[in-house]
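>
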Amino acid sequence: MNKLQNNKAWLFVLPVFALVAFNAIIPLMTVVNYSVQETFGNNEFFWAGVIWFQDILQSERFHASLGRQAIFTASILAIEMPLGVAIALTMPRKGPWVSVCLVLMALPLLIPWNVVGAMWNIFALPDIGFLGHMLNAIGFDFNFTRQPGDAWFTLILMDVWHWTSLVVLLAYAGLSSIPDAYYQAAKIDGAGSWAIFRYIQLPKLSRVLTIAFLLRFMDSFMIYTEPFVLTGGGPGNSTTLLSIDLVKIALGQFDLGPAAAMSLIYFLIILLLSWVFYTVMTRNEEQ
Amino acid sequence: MAKITLDDLRHAYGENPERPEDYALQQLDITFEDGGAYALLGPSGCGKTTLLNIISGLLTPSHGEVLFDDEDVTGLAPDQRHIAQVFQFPVVYDTMSVYDNLAFPLRNRGVPEADVDKKVREIAAMIDLEDTLMNRASGLTADGKQKISLGRGLVRSDVNVIMFDEPLTVIDPHLKWQLRSKLKELHQRVKRTMIYVTHDQTEALTFADKVVVMNVGEVVQIGTPVELFETPGHEFVGHFIGSPGMNILDCEVKGGQAFLHGQPIATSNAGALKDGAEGPLRLGVRPEFVSLSETDGIAADVVKVSDSGRYQIVETRVGDMPVKLLVNEGIEIPTGKTALSFRADRTRVYRDGWLVAGGAEA
Numbered sequence: 001m002n003k004l005q006n007n008k009a010w011l012f013v014l015p016v017f018a019l020v021a022f023n024a025i026i027p028l029m030t031v032v033n034y035s036v037q038e039t040f041g042n043n044e045f046f047w048a049g050v051i052w053f054q055d056i057l058q059s060e061r062f063h064a065s066l067g068r069q070a071i072f073t074a075s076i077l078a079i080e081m082p083l084g085v086a087i088a089l090t091m092p093r094k095g096p097w098v099s100v101c102l103v104l105m106a107l108p109l110l111i112p113w114n115v116v117g118a119m120w121n122i123f124a125l126p127d128i129g130f131l132g133h134m135l136n137a138i139g140f141d142f143n144f145t146r147q148p149g150d151a152w153f154t155l156i157l158m159d160v161w162h163w164t165s166l167v168v169l170l171a172y173a174g175l176s177s178i179p180d181a182y183y184q185a186a187k188i189d190g191a192g193s194w195a196i197f198r199y200i201q202l203p204k205l206s207r208v209l210t211i212a213f214l215l216r217f218m219d220s221f222m223i224y225t226e227p228f229v230l231t232g233g234g235p236g237n238s239t240t241l242l243s244i245d246l247v248k249i250a251l252g253q254f255d256l257g258p259a260a261a262m263s264l265i266y267f268l269i270i271l272l273l274s275w276v277f278y279t280v281m282t283r284n285e286e287q
Numbered sequence: 001m002a003k004i005t006l007d008d009l010r011h012a013y014g015e016n017p018e019r020p021e022d023y024a025l026q027q028l029d030i031t032f033e034d035g036g037a038y039a040l041l042g043p044s045g046c047g048k049t050t051l052l053n054i055i056s057g058l059l060t061p062s063h064g065e066v067l068f069d070d071e072d073v074t075g076l077a078p079d080q081r082h083i084a085q086v087f088q089f090p091v092v093y094d095t096m097s098v099y100d101n102l103a104f105p106l107r108n109r110g111v112p113e114a115d116v117d118k119k120v121r122e123i124a125a126m127i128d129l130e131d132t133l134m135n136r137a138s139g140l141t142a143d144g145k146q147k148i149s150l151g152r153g154l155v156r157s158d159v160n161v162i163m164f165d166e167p168l169t170v171i172d173p174h175l176k177w178q179l180r181s182k183l184k185e186l187h188q189r190v191k192r193t194m195i196y197v198t199h200d201q202t203e204a205l206t207f208a209d210k211v212v213v214m215n216v217g218e219v220v221q222i223g224t225p226v227e228l229f230e231t232p233g234h235e236f237v238g239h240f241i242g243s244p245g246m247n248i249l250d251c252e253v254k255g256g257q258a259f260l261h262g263q264p265i266a267t268s269n270a271g272a273l274k275d276g277a278e279g280p281l282r283l284g285v286r287p288e289f290v291s292l293s294e295t296d297g298i299a300a301d302v303v304k305v306s307d308s309g310r311y312q313i314v315e316t317r318v319g320d321m322p323v324k325l326l327v328n329e330g331i332e333i334p335t336g337k338t339a340l341s342f343r344a345d346r347t348r349v350y351r352d353g354w355l356v357a358g359g360a361e362a
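If you read the sequences in order, they're chains A and B.
Numbering follows this note's numbering, in which position 154 of the first sequence is assigned residue number 154; successive positions increment by one, without gaps.
Numbering follows this note's numbering, in which position 197 of the second sequence is assigned residue number 197; successive positions increment by one, without gaps.
1. Distance cutoff 8 angstroms, beta carbons only. Does residue 95(A) sit that close to anything in chain B?
2. Determine, using beta carbons only, whether residue 31(A) and residue 250(A) come nearer to each other than 8 angstroms.
3. Mind checking who residue 263(B) pairs with in its DSSP beta bridge?
4. Considering only residues of the same chain and omitting the five flanking positions on each side of residue 106(B), which have a CB-CB separation below 8 angstroms?
5. Helix, strand or coil: which one does DSSP assign to residue 111(B)?
6. I believe residue 32(B) touches residue 195(B) by the beta-carbon criterion, under 8 angstroms. Please report the beta-carbon distance rounded to the nearest angstrom.
7. Take the Cβ of residue 1(A) as the centre, count every other Cβ of all protein chains shown within 10 Å, and call the residue buried at 16 or more, exposed below.
8. Along the chain, where does the beta strand (DSSP E) that runs through residue 284(B) open and close?
9. Quick one: grab the DSSP three-state call for residue 128(A).
10. For residue 218(B), name the three-state secondary structure that DSSP assigns.
11. Kindly list the residues whose CB is nearer than 8 angstroms to the CB of residue 156(A), restricted to its own chain and excluding five residues on each side of it in sequence; keep chain order.
12. Please classify residue 319(B): does DSSP put it in a helix, a strand, or coil?
13. Whose CA, out of 268(B), 251(B) and 269(B), lies closest to the CA of residue 262(B)?
14. Give a yes or no on contact between the segment 161-176 of chain B and the segment 196-214 of chain B, applying the rule of three or more CB pairs nearer than 8 angstroms.
15. On the DSSP bridge assignment, give the partners of residue 65(A) in chain order.
16. Do the segment 262-271 of chain B and the segment 342-351 of chain B make contact, defined as three or more Cβ pairs closer than 8 angstroms?
17. Mind checking which residues open and close the beta strand (DSSP E) that includes residue 38(A)?
18. Return the CA-CA distance between residue 63(B) and residue 19(B), expressed in angstroms with no decimal places.
19. Can you pull the chain A residues whose beta carbon is under 7 angstroms from the beta carbon of residue 94(B), in chain order?
20. Chain A beta carbons: is any one of them nearer than 8 angstroms to that of residue 61(B)?
21. Quick check on DSSP: helix, strand or coil for residue 110(A)?
22. Verify whether the separation of the beta carbon atoms of residue 203(A) and residue 56(A) is less than 8 angstroms.
23. Among 319(B), 311(B), 295(B) and 144(B), which has the Cα closest to the Cα of residue 303(B)?
24. Taking only beta-carbon atoms, is residue 125(B) less than 8 angstroms away from chain A?
25. Could you confirm whether any beta carbon from chain B is found closer than 8 angstroms to the beta carbon of residue 171(A)?
26. Would the segment 194-212 of chain A and the segment 232-245 of chain A be scored as touching if the rule is three or more Cβ pairs under 8 angstroms?
27. Given a cut-off of 8 angstroms, decide if residue 39(B) and residue 24(B) are closer than it, judged by their beta-carbon atoms.
28. Once the 5 residues before and after residue 43(B) are set aside, which same chain residues still bring their CB inside 6 angstroms of it?
29. Would you mind sorting residue 362(B) into buried or exposed? The rule is 16 or more other CB atoms within 10 Å of its CB.
30. Is the segment 238-252 of chain B close to the segment 78-85 of chain B, with three or more CB pairs under 8 angstroms?
31. Listed in chain order, which residues of the segment 83-112 of chain B have Cβ atoms closer than 8 angstroms to some Cβ of chain A?
32. Measure from the C-beta of residue 188(A) to each C-beta in chain B and report whether the shortest distance is under 8 angstroms.
33. Are the Cβ atoms of residue 168(A) and residue 252(A) separated by less than 8 angstroms?
34. Any idea what DSSP makes of residue 65(B), helix, strand or coil?
35. Go through its chain and collect everything with a Cβ distance to residue 161(A)'s Cβ below 7 angstroms, but skip five positions before and after it.
36. For residue 78(B), go through chain A and note every residue whose CB falls closer than 8 angstroms to its CB, in chain order.
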């Protein structure tokens, strides 16, 4: 009796399995398939073992892209997390300005990514762009299409402009959910604003900040569209992040095997780091 | 330590209040004596939390003054008034240990660490938190957290008054009783002024020496639990306190004699009322002071009898007015027609809701 019912219940999860199979497992298996084979065209494939994985892991080009990617992600996290919390703390809690602030904050998130890239590309152009022109006018020799440092500066500024809002909105939601009684108790206990931040706001925000951190980590580690439109990975290879490099290998050089191996390594790095961050950040709560 | 005086106090949340309905708190004058245990009792929305927040300084009243001893503190912030407050939902600093929680108010005030340690341990012993002193505060149960909240008030030596805003709301029923007696015990030990806000009459009557009963933003009576029970100053008090509440019956008064449903009835204060007095007149008598009478009395019909353990609650009807009375267990209740007698010194006339002053007070 029980067994019969259980078997029928599988029918209900079947659509989900089918969906997951089609949009995740099957494409992923295709990539796995490519990553262990060699082809010379004509749709002929030969078994290659782990040779592509060895190649990628030993390739200086991959190391360089990975390094650039790590610097980029670390920089934007170091800027966006504190900045987002700081902005959320200064936003009004009630009154007519709340909606104004929220809409202003949400605006960058609503702009299509390639438009963001194009906007900043034009904005930062040294001759006609407002930012580039102004920087040159006040004495900086700014040209992001020629100088790697300037390209990085523009790239990070663009990401901070585009994505700090996400941290702000999450932190603001977290702050709004702190009951008034906590602030009242802190006032009565004579706590200053630093103590309130350190012992009430920050602990209460830890969950949303964990989510914000993970989202920003994963998104920035996978970022493609905006830097592709802004710099195309240049000048030279100076802003070629992992995803841009991957596309170059896969679609530029059409090296399917190495590209597939790199995709898998890329995927595993994100998975592993996300797990490490999540474990470290939630460790305190479990104690 | 201080006496707290509320002088001609009123509060409206909106701006430019004009009508009485605009005020969340009607005009009131109360004095809380130093070291007393007080309760603010009333239904939800009666203004008791507003009043509490005005005393603690979280809210500035729109009119009137708050005095601690003779000092006007109306404009002062909570931390300058030297008060402590326990909130409805437990407030603990999650990332700190119980010890650090208790030490927090002292450290914020720059107390030397040796004194902090001594005081924290003393208070922890008092509120039975010694064993969990080094645990994370977030791991405690709700009653433990409320004890921490209270402890943060007790560690400070400068506290004028400790206030409780329905502190037992989230406590399990079987722990409520424990925590309540703990509070009472602590009050007797530390002799600080305590003001306890609640809508639960049992909590108010067991904790407080004096109870301030509030309804729709107005203080209706201030008295000891016995006074509130025996001499309700307002129909609301009679009805709100006691279980079941006071019988409130329409009546007439002619020549200093009260009549219930056309039958004369002895009261303690009808003689003080002149004929032709305005406002609806009602008779108030608690079910405890109504009894069944074999011979003469007010004619009534028994409607229903329910058993509450020690007592039987008898519902009767005099004319179309329901009258409840309590009868001891084991006494036969007649069915159908019977007669009721009201104890004269506990039967009172209320005009427009308020007790008519004068007459032979019990």
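All residues carry an ideal CB built from backbone N, CA and C; glycine is no exception.
Result, derived from the coordinates:
1. No, residue 95(A) lies away from the interface with chain B (no Cβ there is under 8 angstroms from its Cβ).
2. no
3. 260(B)
4. 115, 116, 119, 120, 155 and 156
5. coil
6. 7 angstroms
7. Confidence at residue 1(A) is low in this model, with a pLDDT of 48, below 50, so the placement of that residue should be treated as unreliable; the coordinate-derived value is given next. With fewer than 16 Cβ atoms within 10 Å of its Cβ, residue 1(A) is classed as exposed.
8. 281-285
9. coil
10. strand
11. 72, 75, 76 and 79
12. In the structure shown, residue 319(B) sits in coil (DSSP, three-state: anything other than H, G, I, E or B).
13. 251(B)
14. With the rule of 3 Cβ pairs closer than 8 angstroms, the segment 161-176 of chain B counts as touching the segment 196-214 of chain B.
15. DSSP output for residue 65(A) lists no bridge partner at all.
16. yes
17. 37-39
18. 14 angstroms
19. Annotation: Cβ neighbours of residue 94(B) in chain A (cutoff 7 angstroms, chain order): 203.
20. No - not a single Cβ of chain A is within 8 angstroms of the one on residue 61(B).
21. Here residue 110(A) sits in helix by DSSP.
22. Taking 8 angstroms as the Cβ cut-off, residue 203(A) and residue 56(A) do not qualify as a contacting pair.
23. 319(B)
24. With 8 angstroms as the cut-off, residue 125(B) does not count as an interface residue toward chain A.
25. no
26. The segment 194-212 of chain A vs the segment 232-245 of chain A: no contact.
27. Here residue 24(B) is not near residue 39(B), since their CB atoms are 8 angstroms or more apart.
28. 199
29. Residue placement at residue 362(B) cannot be trusted, given a pLDDT of 38 that sits under 50; what the coordinates show is reported in the next sentence. Classification for residue 362(B): exposed.
30. no
31. Cβ contacts with chain A: 83, 84, 85, 87, 88, 89, 91, 93, 94, 95, 96, 104, 105, 108 and 109.
32. yes
33. no
34. strand
35. Excluding sequence neighbours, residue 161(A) sits near 108.
36. Within 8 angstroms Cβ-Cβ: 184, 187 and 188.
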